[in-house]
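Residue numbers (my numbering), protein chains in the order written: chain A, 4 to 190; chain B, 719 to 1021. All remarks here apply to the structure that follows.
Laid out in C-alpha cells, this is it:
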C-alpha cells in the first residue's frame, strides 16, 4: 500500500481496477491546513488523462506491472502476436492496445510488452527502428515548393517524409517517439 | 537551472538575510537562538514532526521563543531551520528556513504594519524601489497593503461560502485552488480574521481569531497572530489538537508541561513566522523553492 506521502511523478497506482501513472504532481498546503496532493494521472490501458486531488489519509494500491522483452511475430485480423524468445510463450494484443506503435512494427522486431496483473496491455518500441521503403515516386527536381523532402510509404504502411535522395527498396531509420526520419541505412 | 544563475540567487539570499538582521537591530530587536532538538512539539493537526533521539526536531521556534517572552524578553527575532515531515513540493521543503519575531505590546494590526515595513525596507535596500515583478505580474509594495477577512475572501473569490466549505471539509481545496491565486496580485494582501476553529494559538475576539496570513502574487509568505496569552486556554488548545490528531490516526505529541510550569502568563504581544525561502523566491522571481536553496534534498538524493 502507498500513502499520500509516497505520491510522486512516475508512480503507478490502481484506480477502479485499472493501472494509472502519475504524469504531473503538485503538493499544496495552505497555512496550517491539511496537505493536498494534486495529481494528473494517465490510464495506462486507455491513455485517458484524469485529475485527482488526494489528502494525507488516502491510501493507494501499487499497480502490479511487468515488462517483458518479446518479438513481434505477425498480425492476423485485428490481433498482433508477440513471442517470448526464451519460453516461446505467445501473447496477443488488439490494434487499439498496440496504438500508434503499429506504424513502426516490423517483423521480428524486439519490443517491451507491458503486463498488468499478468495480462498484456500495451507495448513499448525501441526509440529507433529501421524500416524498408516500399513505395516512392521518382523525384524530379523542382517538382514542388517543399523541394527537400518527399512522402514515401514504409513496409508497415506508414507514410513518412524523407529527403528526396531516398529510393524505393532502401532502409531508413525512424525515431519512434516523433515518427520522423533520422537517417538512411546502408546495407 | 544553470549553476551560474543559482549562484546569483544564493548571493542575493545572503544579502537578504543580512538586511533582515539590519532591519530588526535598527528597531531594537535582539536576535535569539533556541534549541532545534526538543523533547516536545506543539501539537497541530496537520503538521508532523521529524523524530530525533529522545525527542523531535522543532517544527518552528514558537515554543522556546514564547518561553523567552514569559521570561521578560520584549522584542526578539530568530532565523532558523524548521523541520516538517513529508512536506515537499514546489513551495515546500522538509527542512526550510523561517524568520520568526515577537513584539510585546502590539496587536496583529500593528504587526501587519511592521511586516509591511520589513519587506519594503528589503526591497528598497536591495533594488532601490518599492515594486517587484513576480510571475510576470508587477506588485506595488507601497503601504498600506490590502487587508481582507477570510469571510470576505470566500464571498469575493470562492464558489462556496466559508461556512459551507468548513462543513463539507472543502476549506483547503477552496483556499488553494480558488482563493489564493487571487491574493496579493496588484498589492500584497493580508488575509485576516480566521474562523475560531482555525485559531491555532492566536487570540479570539468578537467570534474570530486575530490571525492573518500574508500573500504576495498568490504566494503565502507569513502567518501572524495577536498571541493567546492565557496559559490555561493554551493548554486546552494543545489538548484539542492532540485529540484531532488521534481522530486522524496520527501520532499524538507530549504536552510541554515544564513550559507551563515555568510560564504562568505571557505579556500581551504579537508574533509572526515568515518563510525565508519563499521570500527569496519572490525577490528573485523564482517559482521553485529548490532554486533558492544552495543544497537541496534532491542534490543529496534524500526524501
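Note that CB positions come from ideal geometry on N, CA and C, so glycine has one too.
Reference residue i, options the options, closest by Cα
i: residue 731(B); options: 1018(B), 1009(B), 1015(B); result: 1009(B)
i: residue 812(B); options: 776(B), 959(B), 1002(B); result: 776(B)
i: residue 158(A); options: 106(A), 170(A), 188(A); result: 106(A)
i: residue 773(B); options: 856(B), 972(B), 851(B); result: 972(B)
i: residue 975(B); options: 723(B), 745(B), 748(B), 756(B); result: 756(B)
i: residue 16(A); options: 35(A), 189(A), 58(A), 64(A); result: 64(A)
i: residue 134(A); options: 141(A), 171(A), 102(A); result: 171(A)
i: residue 70(A); options: 190(A), 129(A), 139(A), 117(A); result: 117(A)
i: residue 52(A); options: 27(A), 177(A), 154(A), 151(A); result: 27(A)
i: residue 784(B); options: 987(B), 808(B), 928(B), 748(B); result: 987(B)
i: residue 1001(B); options: 827(B), 791(B), 855(B); result: 855(B)
i: residue 50(A); options: 67(A), 173(A), 130(A), 24(A); result: 24(A)
i: residue 895(B); options: 908(B), 904(B), 877(B), 923(B); result: 877(B)
i: residue 797(B); options: 1006(B), 828(B), 819(B), 804(B); result: 819(B)
i: residue 113(A); options: 57(A), 103(A), 88(A), 29(A); result: 88(A)
i: residue 59(A); options: 66(A), 41(A), 76(A), 177(A); result: 41(A)
i: residue 982(B); options: 908(B), 720(B), 790(B), 770(B); result: 790(B)
i: residue 38(A); options: 947(B), 802(B), 720(B); result: 802(B)
i: residue 76(A); options: 103(A), 161(A), 109(A), 90(A); result: 109(A)
i: residue 938(B); options: 1017(B), 739(B), 999(B), 883(B); result: 999(B)
i: residue 872(B); options: 861(B), 863(B), 889(B), 749(B); result: 889(B)
i: residue 742(B); options: 957(B), 923(B), 953(B), 835(B); result: 835(B)
i: residue 805(B); options: 165(A), 36(A), 151(A), 18(A); result: 36(A)
i: residue 956(B); options: 781(B), 720(B), 869(B); result: 781(B)
i: residue 9(A); options: 167(A), 57(A), 115(A), 163(A); result: 57(A)
i: residue 771(B); options: 758(B), 779(B), 778(B); result: 758(B)
Contacts around residue i, its chain only, beta-carbon distance under 6 Å, and the 5 residues preceding and following it disregarded
i: residue 994(B); result: 815, 817
i: residue 137(A); result: 156, 158
i: residue 94(A); result: 85, 123
i: residue 82(A); result: 95
i: residue 792(B); result: 822
i: residue 74(A); result: 86, 88, 111, 113
i: residue 98(A); result: 81
Residue i: contacting residues in chain A (beta-carbon distance under 9 Å)
i: residue 926(B); result: The contacting residues do not exist; residue 926(B) stays about 15 Å from chain A at best.
i: residue 941(B); result: 34, 35
i: residue 966(B); result: 37, 59, 60
i: residue 916(B); result: 34, 35, 36
Chain A residues whose Cβ lies nearer than 8 Å to that of residue i
i: residue 898(B); result: 33
i: residue 938(B); result: 33, 34
i: residue 931(B); result: 34
Close beta carbons around residue i, own chain, < 7 Å, minus the five adjacent residues each side
i: residue 728(B); result: 1012
i: residue 733(B); result: 844
i: residue 899(B); result: 936
i: residue 6(A); result: 62
i: residue 45(A); result: 23, 24, 26, 52
i: residue 30(A); result: 38, 40
i: residue 1003(B); result: 851, 852
Residue i: contacting residues in chain B (beta-carbon distance under 7 Å)
i: residue 39(A); result: 890, 891, 894
i: residue 30(A); result: 806, 807, 810
i: residue 8(A); result: 804
Within chain A, the residues that residue i reaches when beta carbons sit closer than 7 Å
i: residue 1004(B); result: Going along chain A, no residue has its Cβ under 7 Å from residue 1004(B), so there is no contact; the nearest lies around 17 Å.
Beta-carbon contacts of residue i that lie in its chain and below 8 Å, excluding the five residues immediately before and after
i: residue 969(B); result: 766, 963
i: residue 48(A); result: 21, 22, 100, 119, 124, 125
i: residue 858(B); result: 848, 849, 904, 905
i: residue 12(A); result: 25, 26, 27, 28
i: residue 966(B); result: 763
i: residue 927(B); result: 911, 912, 913, 914, 916, 917, 918, 920, 921, 943
i: residue 131(A); result: 176, 177, 178, 179, 185
request  = Below 9 Å between beta carbons is the criterion; list the residues of the stretch 44 to 67 of chain A that meet it against any residue of chain B, in chain order.
outcome  = Flagged, chain order: 56, 58, 59, 60.
request  = Could you please tell me which residues of the stretch 748 to 773 of chain B, in chain order, have their CB closer than 8 Å to any CB of chain A?
outcome  = Residues of the stretch 748 to 773 of chain B with a Cβ closer than 8 Å to any Cβ of chain A, in chain order: 762, 763, 764, 765.
query = What are the complete beta strand (DSSP E) segments, minimum 3 residues, inside the stretch 753 to 835 of chain B?
reply = Those beta strand (DSSP E) runs which fall completely within the stretch 753 to 835 of chain B and span 3+ residues are 768 to 770, 773 to 775, 793 to 801, 813 to 822.
query = Between the stretch 849 to 872 of chain B and chain A, which residues of the former have a C-beta closer than 9 Å to a C-beta of the latter?
reply = None of the residues of the stretch 849 to 872 of chain B has a beta carbon lying less than 9 Å from any beta carbon of chain A.
task = Can you check the stretch 935 to 997 of chain B for any beta strand (DSSP E) of at least 3 residues that lies completely inside it and give the ranges in chain order?
result = Counting only runs of at least 3 residues, the stretch 935 to 997 of chain B fully encloses the following beta strand (DSSP E) elements, listed from N- to C-terminal order: 937 to 944, 987 to 993.
query = Considering only residues of the stretch 68 to 135 of chain A, which uninterrupted beta strand (DSSP E) runs meet the minimum length of 3 residues and lie entirely inside it, listed in chain order?
reply = The stretch 68 to 135 of chain A is shown to contain whole beta strand (DSSP E) runs of 3 or more residues at 68 to 79, 82 to 86, 93 to 97, 113 to 119, 122 to 127, in chain order.
ask   = Which runs of the alpha helix (DSSP H) fall wholly inside the stretch 854 to 931 of chain B and span at least 4 residues, in chain order?
value = Within the stretch 854 to 931 of chain B, the complete alpha helix (DSSP H) runs of at least 4 residues are 868 to 875, 880 to 885, 889 to 892.
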